[in-house]
Each structure stands twice: as C-alpha cells, then as structure tokens.
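**Student:**
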Amino acid sequence: MATDDATDGTLTATSEPSSTIDIYPNGDAILICGARFGNGKTTRFRVSSAAPAMGSPVMRALFKPHFKEGTDLRASEAGQSLEIAPPEDNPFAVEVICNILHLQNDKVDTSDSFSVASILEVAKASSKYGCEVALMYPARRWLNRDARTGRDHTTLFAAS
Numbered sequence: 047m048a049t050d051d052a053t054d055g056t057l058t059a060t061s062e063p064s065s066t067i068d069i070y071p072n073g074d075a076i077l078i079c080g081a082r083f084g085n086g087k088t089t090r091f092r093v094s095s096a097a098p099a100m101g102s103p104v105m106r107a108l109f110k111p112h113f114k115e116g117t118d119l120r121a122s123e124a125g126q127s128l129e130i131a132p133p134e135d136n137p138f139a140v141e142v143i144c145n146i147l148h149l150q151n152d153k154v155d156t157s158d159s160f161s162v163a164s165i166l167e168v169a170k171a172s173s174k175y176g177c178e179v180a181l182m183y184p185a186r187r188w189l190n191r192d193a194r195t196g197r198d199h200t201t202l203f204a205a206s
C-alpha cells in the first residue's frame, strides 16, 4: 500500500526507488513514474494494460495502435512488459489509481488518516487520465471528512 506522510505533506510509494510494485503480477505494461517528482527517484508499477484502459479514456487511447505505446505493446515479445514513462506523475497517486483500476480496493486507504494533500494529488492524476468515474466511490469517502483547518477546506475544495 502507498504510504502517506501527512506530517509534511510528502507522498511516497511503498517500495525503494527503481523497484517494481506488482499491481498485477502478470501484467503486460510497466508504468515508470516520479522522475520529475520530489527527489527525482522513480517507481515502477507492473499493470495489466486492460485495467487502466477500461477506467481511463486517456490510457485506452494510449494503448491503441495509433500511439507508439500501443504499437510497442502489440510488438513486444511474449512475457516482456511494455514500459511507459510518465515522469511527471506522482508515484503515490499512480499507485492509488492503479490499485483502484485493478479492483484492489483492499490496498487503498480510505480512512480519515488519508491526508488532504494525498487527496489532492490523487485528484490531479485522476483528472489528467480522465478516470474520475472509476475513483468516484473512494473519492466520496475521502471528501466526506472533517477538514481540520482552513487550508484543508481549500485543498478539499480544489480536489473536488
């Protein structure tokens, strides 16, 4: 599960940099993100290209043959995963979204300890990939909480 350091608002993925988190162990794609986020370290997520394509019109288009990634996916050898690198994406947010899109809701924190900063990061990534509908139910839980400060109220408003 992704960790959320609410004390300073930083968000980190659970694994060491450049290790691979198996969202779907038999996945045919690896998302590599975080190179431009925070300390420049990357996190890799092994996924099934089918799950993000069902929940995100952006990913669905990306995996079609008229995009390089879609062509590469079809040309990749059996057992070899296609690597896609959205370096500007927050690894924490990508992990949360991938777990939801792969129906691994037990790996998603929906408690009140999920920080307001985390909610905003997931909302930004969700908007980028157009997967707001897939995140609707966890988002309701995250947004239906007591904001502790005026800044929390502002951030929750921006996330909604």
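The sequence shown begins at 47 in this note's numbering and counts up one residue at a time.
Glycine included, each C-beta is placed from N, C-alpha and C at the ideal position.
Using only the alpha-carbon positions, how far apart do T88 and T156 sit?
**Tutor:** Roughly 25 Å between the two C-alpha positions.
**Student:** Below 8 Å on the Cβ atoms is my guess for V93 versus I69; work out the distance and round it to an integer in Å.
**Tutor:** The Cβ separation is near 5 Å, so the contact holds.
**Student:** Determine the DSSP secondary structure at R197, reduced to helix, strand or coil.
**Tutor:** If DSSP states are grouped into helix, strand and coil, R197 belongs with the helices.
**Student:** In whole angstroms, what is the alpha-carbon distance linking H148 and R191?
**Tutor:** Looking at the two C-alpha atoms, the distance is approximately 25 Å.
**Student:** By how many angstroms is the C-alpha of D158 removed from the C-alpha of Y175?
**Tutor:** The straight-line gap from Cα to Cα measures roughly 25 Å.
**Student:** DSSP has V93 in a bridge; who is on the other side?
**Tutor:** V93 pairs with A75.
**Student:** Go ahead and pull the three-state DSSP assignment for E141.
**Tutor:** Helix at E141.
**Student:** Following the continuous alpha helix (DSSP H) through E167, name the residue where it begins and the one where it ends.
**Tutor:** Here the alpha helix (DSSP H) through E167 covers V162 to Y175.
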